[in-house]
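Beneath this line is the structure, given in structure tokens, with notes to follow.
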Amino acid sequence: MMSRYGLTNFDEHPVHQITEAFGAVTATDKHWNDGHYICLCDTEGKVQMIGLVRLYTNNDVIDGFVCIRHEGKQHNIRLSRRLRSDINTNGIGPLRIDIVEPMETVRLVLEENEYGIECDLVCRSTAVPYEDQPTYTRQGGRFVASRAVYEVVGTVEGTVTVGGQTYTATPDKWFFFRNHSWGSMPGRGGPREHGAPSQHRQERTQALRQWVLFRMPDHGGFYQTMDRNDGERLQQEGAILFEDSQVGVTEIEHDLEFYADGPKRVKSGSFALTDENGTKREYEFEDLGWVYCQGGGYFGGFNDGLGQGVWRGEYHVEGEVWDASHPQKIVEEDGTEREFDHAWAESFTLLRSGGDVGLAHLEAVVFE
-3 MMSRYGLTNF DEHPVHQITE AFGAVTATDK HWNDGHYICL CDTEGKVQMI
47 GLVRLYTNND VIDGFVCIRH EGKQHNIRLS RRLRSDINTN GIGPLRIDIV
97 EPMETVRLVL EENEYGIECD LVCRSTAVPY EDQPTYTRQG GRFVASRAVY
147 EVVGTVEGTV TVGGQTYTAT PDKWFFFRNH SWGSMPGRGG PREHGAPSQH
197 RQERTQALRQ WVLFRMPDHG GFYQTMDRND GERLQQEGAI LFEDSQVGVT
247 EIEHDLEFYA DGPKRVKSGS FALTDENGTK REYEFEDLGW VYCQGGGYFG
297 GFNDGLGQGV WRGEYHVEGE VWDASHPQKI VEEDGTEREF DHAWAESFTL
347 LRSGGDVGLA HLEAVVFE
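Under the working numbering, the first residue of the sequence shown carries the number -3, and numbering increases by one thereafter.
And the structure:
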């Protein structure tokens, strides 16, 4: 259905917040975006993958990606199209994310395509969402970013095809970690042009940032920290997530080991979370593999170097396969060796606690 003023199927629901249809937003910023980010893996370490679909309402663009790590290689597909050619479909070409039951079940689908990776995965929540406090960022009085987000964990059923092999996901061995975020985020929607450079240049802090979302058989959890090299903790929050409740985390301890030939990539370690009731839970983890979101368009990762949310025509698709077996470098299909100029990667880890086995999506980013 085409609409003059942004009418969508969502407008049938009596949940409007502004005097506009859901096809419009109050913000005029081209960086305004809204989308789902889904990570998943299995306890045997066969597959680690990330899928995303995101809308850029003011750019009339929707784009997304799937990145799959398999046998040391990362398979990437990136897609983009005009948003308002079909605003009611949360997808691009063969890729879509279906909201089957809000806050309970979503479905990640990548149909047959020229890059040889496919999936049809149903993700069912097993714990309440963790809702972050919305953030607003200004530099010297200038607004630069806003973000609202919640995180969810659970089990996975379905199939994944990669490298000529098809794997069946079962809820006893395959878990997902996802978030849904929206706001105005620099780095998405195209470069920021014409504005004056900031007068408030911040010195880079030598620190370790952790962002961890995990699932165990009887609970899930989330925590994030930012620790300076001198030991000062700049940020801390977290919670233990149960089926119908959550309890806040008051103390976070961790001990990480990094690869000797890739000191930006975590190899193993442990963490302990003490909740507000005084219960301390201890976990050990080991690396299963990592995925570079640059393969999905982060950090200017599209072929044109402009990143996510940029107009690339009515429909666009691209991709490649990297050798990502080294903990810090990749080798492209033409044999070119690269090392990204940032430390970001999404690590997937096998988690153990008190005889139970789980999985974690663990970001451990070293800022030097």
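Just so it is clear, CB atoms sit at the ideal spot from N, CA and C, and this is done for glycine as well.
- Within the same chain, Gln220 and Glu359 come within 7 Å of Trp207 by CB-CB distance, once the 5 residues on both sides are set aside.
- Residue environment analysis places Pro323 among the buried positions, since at least 16 neighbouring C-beta atoms fall within 10 angstroms of its C-beta.
- Distance from the CA atom of Phe267 to the CA atom of Asn84, rounded to whole angstroms, is 42 Å.
- In the structure shown, Ser81 adopts helical secondary structure according to DSSP, grouped into three states.
- Straight-line spacing of the CA atoms in His66 and Gly31 works out to 25 Å.
- Thr345 counts as buried, since no fewer than 16 other beta carbons sit within 10 angstroms of its beta carbon.
- Secondary structure at Gly331: coil, using DSSP grouped into helix, strand and coil.
- Apart from sequence neighbours up to five positions away, the residues of its chain that approach Ile113 with a beta-carbon distance below 7 Å are Val62, Ile64, His71, Ile73, Leu106, Thr157 and Val158, ordered along the chain.
- Fully contained in the stretch 274 to 358 are the following beta strand (DSSP E) runs of length 3 or more, in chain order: 276 to 287, 311 to 319 and 342 to 349.
- Under the DSSP assignment, Asn55 falls outside any beta strand (DSSP E); it carries neither an H nor an E label.
- Taking Ser349 as the centre and dropping the five residues before and after it, the same chain places the C-beta of Met212, Arg277, Glu278 and Tyr279 closer than 7 Å to its C-beta, in chain order.
- DSSP places Asn5 within a helical segment (H, G or I) once states are collapsed to three.
- Here Glu97 is bridged, per DSSP, to Thr101.
- Per DSSP, Arg261 is one residue of the beta strand (DSSP E) stretching across Gly258 to Asp271.
- From the listed residues Glu127, Pro182 and Val57, the smallest Cα separation to Ile236 is found for Glu127.
- The residues Thr270, in chain order, have a CB closer than 6 Å to that of Glu247 in the same chain once the five nearest residues on each side in sequence are set aside.
- For Trp318, the closest C-alpha among the options Val102, Tyr111 and Pro193 is that of Tyr111.
- DSSP, reduced to helix, strand and coil, places Gly179 within a strand of the structure shown.
- Contact between Ser194 and Gly258 does not hold, since the beta-carbon distance rounds to 32 Å and is not under 8 Å.
- When the five nearest sequence neighbours on each side are left out, the beta carbons in the same chain lying within less than 6 Å of the beta carbon of Trp170 are those of Asp38 and Val152, in order along the chain.
- DSSP places Ala141 inside the beta strand (DSSP E), whose first and last residues are Arg138 to Val158.
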